[in-house]
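Chains as they are written, first to last, in numbering that gives the first Met the number 0: chain A, 0 to 338; chain B, 0 to 130.
Yeah, the Cβ is synthetic: ideal placement off N, Cα and C, and Gly gets one too.
Quick caveat: nothing in here was measured; it's all calculated off a predicted structure.
Notes for the one structure printed next.
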Amino acid sequence: MAKIRPDYETSWFGRLMHWLENGSTALDDAMTDEMDAHSRDHLVDSEHHHATQEHALEERRHAALEREQRMYSSLHQWASTKGSRLMRWVYIVASVVMCVGIIALLLNTAANLPPYGDPDNPVNNEVSAHYITQGQAETGAVNIVAGMILDYRAFDTLGESNVLFIAAVTVLVLLRLAPSRDGKPTTEMLEAEADDRLYEPKHDMILQHQANLLVPLILLFGIYVVMNGHISPGGGFSGGAIMGAGLILYLNAFGFRKTERFFTFRTFQIVSLMALAFYACSKAYSFFTGANHLPSIFSPGTPGMLFSAGLIPYLNIAVGLVVCCTMYAFYTLFRKGDM
Amino acid sequence: MLDIIRFVISAALTLAGLFCLLSGVVGVYKFRYALSRVHAAALLDTVGILLMLLGVIVATGFTVASLKMLVVIAFLWLTSPVAGHLIGRLEVTINDELSRDADVLDQDYVEQEKVPETTTTPADDTQEEAQ
């Protein structure tokens, strides 16, 4: 147990701690002094000294208050005239120094980069050579990038899908206005709904006609990009983003009452979780068979065909579904707090 | 000779498109009110992109890539004016003092736009569906 010095209250450390905890005014200091004087004088306290003592203490309090006010006013004056000018200079100098420093650092890095396209560069090692020469035969994907991210480095892509999912869950926790226990919408939900319909153009005919034409095309294009991820540039992430944009356009044109028919919060839960679970299970299977040199039931197939490249098309579909649901969920949560 | 003509045409189209986009940018920064800015941005955006992509099509000749460029033009002409229209309509919906900022020709339309849609509770929906 820590011992406290008897004069802790009046020591400089005690005063510092007191000031840090409660702040301090000149009046407090004067009172402390007064208590100090009292404790020293109370043995020799006598009646006729009392009145003069009170008077002196009163004057000291007054002087302390005035001193404090003078200090604050001079500080304020300094800060509003010389201080602000000084701080502006400090800001200018600091920003220039930081900019020049960062530019110098980046230029130094760029100057020390290896020459572009040199075969001796560190990136041209056996890994990339293996991907380029053996990738198509081993994974069956014509698109080398898809072969890399969904076969050689599929674990990394699982992490990326999980990052998206976790981001959506975080937004859900922060922004979702959940119905009360008995299933009835709370007043907050009704308010959010009323706001949503108030600050939005209603039933825009032009947008509805355009959406009638474009939404099927956008969704089809998204599905095309997802399904051809192993044949041509594209894949789950880009295709899923396109499909999510199509859903958002449909929502903006026709409102929540139409989208609630096929996409509710339950749909989001089921689709995201099933897609992520399918991804994890199928990659666990292929890691297990690959590590133990067992034959896998997924063969690379004929490169260039739609159903080739083993697991890659299915993994692309899973990633696309997660990305699509996440995009749509972000939009609806930020707009209304529900789906 | 044909190459030179083609180059001149494509360069002229591209430069005209750049001029349109630049005037759109100037308009966005110069105009004071949101509807004027939307006007500048939406109008010149559409024309500028059309002219620039036509310039690129003339430069590349008739290939599959230029067909895709035509599809891009069609997509942008469908989407960009609608986006401008929606931003303008949003401004009409949420600006409470529209007549201070702009000349209102059809006051009835503006009033109608501001009336909130009657909010229906989920109970009403189920009744409708039951009927």
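List, in chain order, every chain B residue whose beta-carbon is nearer than 7 Å to that of residue 117 of chain A. The sequence position of residue 117 of chain A within the first sequence is 118, counting from 1. Simply none; closest approach about 32 Å.
Alpha-carbon spacing of residue 123 of chain B relative to residue 275 of chain A, whole angstroms: The count along the second sequence starts at 1 and reaches residue 123 of chain B at position 124. The count along the first sequence starts at 1 and reaches residue 275 of chain A at position 276. With a pLDDT of 44 at residue 123 of chain B, under the threshold of 50, the modelled position of that residue is not reliable, and the figure given next carries that caveat. For residue 123 of chain B and residue 275 of chain A, the distance between alpha carbons rounds to 37 Å.
On the criterion of 16 or more Cβ atoms from any shown chain inside 10 Å, does residue 280 of chain A qualify as buried, or is it exposed? Position 281 of the first sequence holds residue 280 of chain A. With fewer than 16 other beta carbons inside 10 angstroms of its own, residue 280 of chain A counts as exposed.
Just list the alpha helix (DSSP H) runs in the region 122 to 175 of chain A, keeping only unbroken ones of 4 residues or longer that don't cross its boundaries, in chain order. 125 to 138, 143 to 146, 153 to 174
Determine, using beta carbons only, whether residue 68 of chain A comes closer than 7 Å to chain B. As a first step, residue 68 of chain A must be located in the first sequence, where it is residue number 69. So, not an interface residue.
Short CB-CB distance (under 7 Å) between residue 15 of chain A and chain B: Counted from its first residue, the first sequence places residue 15 of chain A at position 16. It does not: the Cβ of residue 15 of chain A has no partner Cβ on chain B nearer than 7 Å.
Output, in sequence order along the chain, the residues in the region 215 to 238 of chain A whose CB is closer than 8 Å to any CB in chain B. none
Rounded separation between residue 55 of chain B and residue 8 of chain B - CA only: On the second sequence, position 56 is the one that residue 55 of chain B refers to. On the second sequence, position 9 is the one that residue 8 of chain B refers to. Looking at the backbone, the Cα of residue 55 of chain B and that of residue 8 of chain B are separated by about 10 Å.
If we ignore side chains and look at the alpha-carbon of each, how far apart do residue 1 of chain B and residue 58 of chain B end up? For this step, residue 1 of chain B is matched to residue 2 along the second sequence. For this step, residue 58 of chain B is matched to residue 59 along the second sequence. If I take the Cα positions, the gap works out to 12 Å.
Return no unless some Cβ of chain A is closer than 7 Å to the Cβ of residue 77 of chain B. Residue 77 of chain B sits at position 78 when you count from the first residue of the second sequence. Contacts with chain A at 7 Å (Cβ-Cβ) include residue 77 of chain B.
Cα separation between residue 14 of chain B and residue 62 of chain B? In the second sequence, residue 14 of chain B corresponds to position 15, counting from 1. In the second sequence, residue 62 of chain B corresponds to position 63, counting from 1. Their backbone Cα atoms lie some 22 Å apart in a straight line.
Can you look up residue 32 of chain B in the DSSP assignment and give me helix, strand or coil? For the purposes of this step, residue 32 of chain B is taken as residue 33 along the second sequence, with counting starting at 1. Residue state for residue 32 of chain B is assigned as coil, using DSSP reduced to three classes.
Within its chain, find whatever has a CB closer than 7 Å to the CB of residue 129 of chain B; leave out the 5 residues flanking it on each side and keep chain order. Reading the second sequence from its first residue, position 130 is the one you call residue 129 of chain B. Its pLDDT being 43, under 50, residue 129 of chain B is placed unreliably in this model, and the value from its coordinates should be taken loosely. Once the five neighbours on either side are set aside, residue 129 of chain B has no close Cβ partner at all.
So the candidates are B/23, B/53, B/97; which of them puts its Cα closest to the Cα of residue 5 of chain B? Taking the second sequence and counting its residues from 1, the one referred to as residue 5 of chain B is at position 6. That would be B/53, whose Cα lies nearest to the Cα of residue 5 of chain B.
Against chain A: residues of the region 78 to 98 of chain B by CB proximity under 7 Å: Residues passing the 7 Å Cβ filter: 81, 84, 85, 88, 89, 92, 93.
To the nearest angstrom, how far is it from the Cα of residue 5 of chain A to the Cα of residue 60 of chain A? Locating residue 5 of chain A in the first sequence gives position 6, where the first residue counts as 1. Locating residue 60 of chain A in the first sequence gives position 61, where the first residue counts as 1. Those two C-alpha atoms are separated by around 25 Å.
Check whether the Cβ atoms of residue 230 of chain A and residue 144 of chain A sit closer than 7 Å, and answer yes or no. Numbered from 1 along the first sequence, position 231 holds the residue referred to as residue 230 of chain A. Numbered from 1 along the first sequence, position 145 holds the residue referred to as residue 144 of chain A. No, they are not a contact pair.
Express the C-alpha separation of residue 221 of chain A and residue 234 of chain A in angstroms, rounding to a whole number. Position 235 of the first sequence, counted from the first residue, corresponds to residue 234 of chain A. Position 222 of the first sequence, counted from the first residue, corresponds to residue 221 of chain A. C-alpha of residue 234 of chain A to C-alpha of residue 221 of chain A: approximately 9 Å in a straight line.
Chain B within 7 Å of residue 206 of chain A, Cβ atoms only: Within the first sequence, numbered from 1, the residue matching residue 206 of chain A stands at position 207. Residue 206 of chain A counts as touching chain B.
Report yes or no: do three or more beta-carbon pairs, one from the region 255 to 275 of chain A and one from the region 153 to 172 of chain A, lie closer than 8 Å? yes
Counting only the same chain and skipping the five closest in sequence on each side, list residues whose C-beta sits under 6 Å from that of residue 239 of chain A. To locate residue 239 of chain A, count along the first sequence from 1; it is residue 240. Correct list, in chain order: 319, 322, 323.
Through-space distance from residue 216 of chain A to residue 329 of chain A, alpha-carbon basis: Along the first sequence, read from residue 1 onward, the residue named residue 329 of chain A stands at position 330. Along the first sequence, read from residue 1 onward, the residue named residue 216 of chain A stands at position 217. One C-alpha to the other measures close to 22 Å.
Chain-ordered chain B contacts of residue 213 of chain A [CB-CB under 7 Å]: For the purposes of this step, residue 213 of chain A is identified with residue 214 of the first sequence, where counting begins at 1. By Cβ distance, chain B contributes 77.
Taking 7 Å as the CB-CB limit, is residue 128 of chain B close to chain A? Within the second sequence, residue 128 of chain B is the residue found at index 129, counting from 1. Low confidence applies to residue 128 of chain B: its pLDDT is 44, below 50, so where it sits in the model is not reliable, and the reading given next is rough at best. Not closer than 7 Å to any Cβ of chain A, the Cβ of residue 128 of chain B fails to qualify, so no.
Neighbour-count burial assignment, residue 51 of chain A, 16 or more Cβ in a 10 Å radius: Indexing the first sequence from 1 puts residue 51 of chain A at position 52. Looking at its Cβ environment, which holds fewer than 16 other Cβ atoms inside 10 Å, residue 51 of chain A is exposed.
Could you check whether residue 123 of chain A and residue 113 of chain A sit closer than 7 Å to each other, using their CB atoms as the reference points? Along the first sequence, read from residue 1 onward, the residue named residue 113 of chain A stands at position 114. Along the first sequence, read from residue 1 onward, the residue named residue 123 of chain A stands at position 124. For the 7 Å CB-CB criterion, residue 113 of chain A and residue 123 of chain A do not form a contact.
Cβ-based neighbour list, residue 121 of chain B, same chain, cut-off 6 Å, excluding 5 preceding and 5 following: Looking up residue 121 of chain B in the second sequence gives position 122. With a pLDDT of 46 at residue 121 of chain B, under the threshold of 50, the predicted position of this residue should be treated as unreliable, though the coordinate-derived value follows. Counting only Cβ-Cβ distances below 6 Å, and skipping sequence neighbours, we find nothing.
Which first and last residues belong to the alpha helix (DSSP H) in which residue 85 of chain A is found? Reading the first sequence from its first residue, position 86 is the one you call residue 85 of chain A. Start and end: 83 to 110.
Report back the beta-carbon spacing between residue 132 of chain A and residue 309 of chain A to the nearest angstrom; my notes put them in contact at under 8 Å. The count along the first sequence starts at 1 and reaches residue 132 of chain A at position 133. The count along the first sequence starts at 1 and reaches residue 309 of chain A at position 310. Residue 309 of chain A and residue 132 of chain A do not touch by the CB rule: their CB atoms are close to 19 Å apart, not below 8 Å.
Please classify residue 70 of chain A as buried or exposed, where buried requires at least 16 other C-beta atoms within 10 Å of its C-beta. Position 71 of the first sequence, counting from 1, holds the residue named residue 70 of chain A. Flag for residue 70 of chain A reads exposed.
Taking the alpha helix (DSSP H) that residue 284 of chain A belongs to, which residues open and close that run? Indexing the first sequence from 1 puts residue 284 of chain A at position 285. Taken as a continuous stretch (DSSP letters only), the alpha helix (DSSP H) holding residue 284 of chain A covers 264 to 290.
Ignore the nearest five residues each way along the sequence and tell me which others in residue 214 of chain A's own chain have a CB closer than 7 Å to its CB. As a working mapping, residue 214 of chain A is identified with position 215 in the first sequence. Here the set comprises 245, 248, 249.
DSSP three-state assignment for residue 126 of chain B, whether helix, strand or coil: Position 127 of the second sequence, counted from the first residue, corresponds to residue 126 of chain B. No answer about residue 126 of chain B holds up, because its pLDDT of 44 lies below 50 and its placement is not dependable.
Assuming contact is defined by CB atoms lying nearer than 7 Å, are residue 218 of chain A and residue 242 of chain A in contact in what I supplied? Within the first sequence, the letter at position 219 stands for residue 218 of chain A. Within the first sequence, the letter at position 243 stands for residue 242 of chain A. Yes. Within cutoff.
Any chance the region 73 to 89 of chain B sits against the region 30 to 45 of chain B, with 3 or more Cβ pairs inside 8 Å? With a cut-off of 8 Å, the region 30 to 45 of chain B and the region 73 to 89 of chain B count as touching, because enough Cβ pairs lie within range.
So residue 34 of chain B and residue 110 of chain B are in contact, right, with Cβ under 8 Å, and what is the actual spacing, rounded? Looking up residue 34 of chain B in the second sequence gives position 35. Looking up residue 110 of chain B in the second sequence gives position 111. Not a contact, Cβ separation roughly 18 Å.
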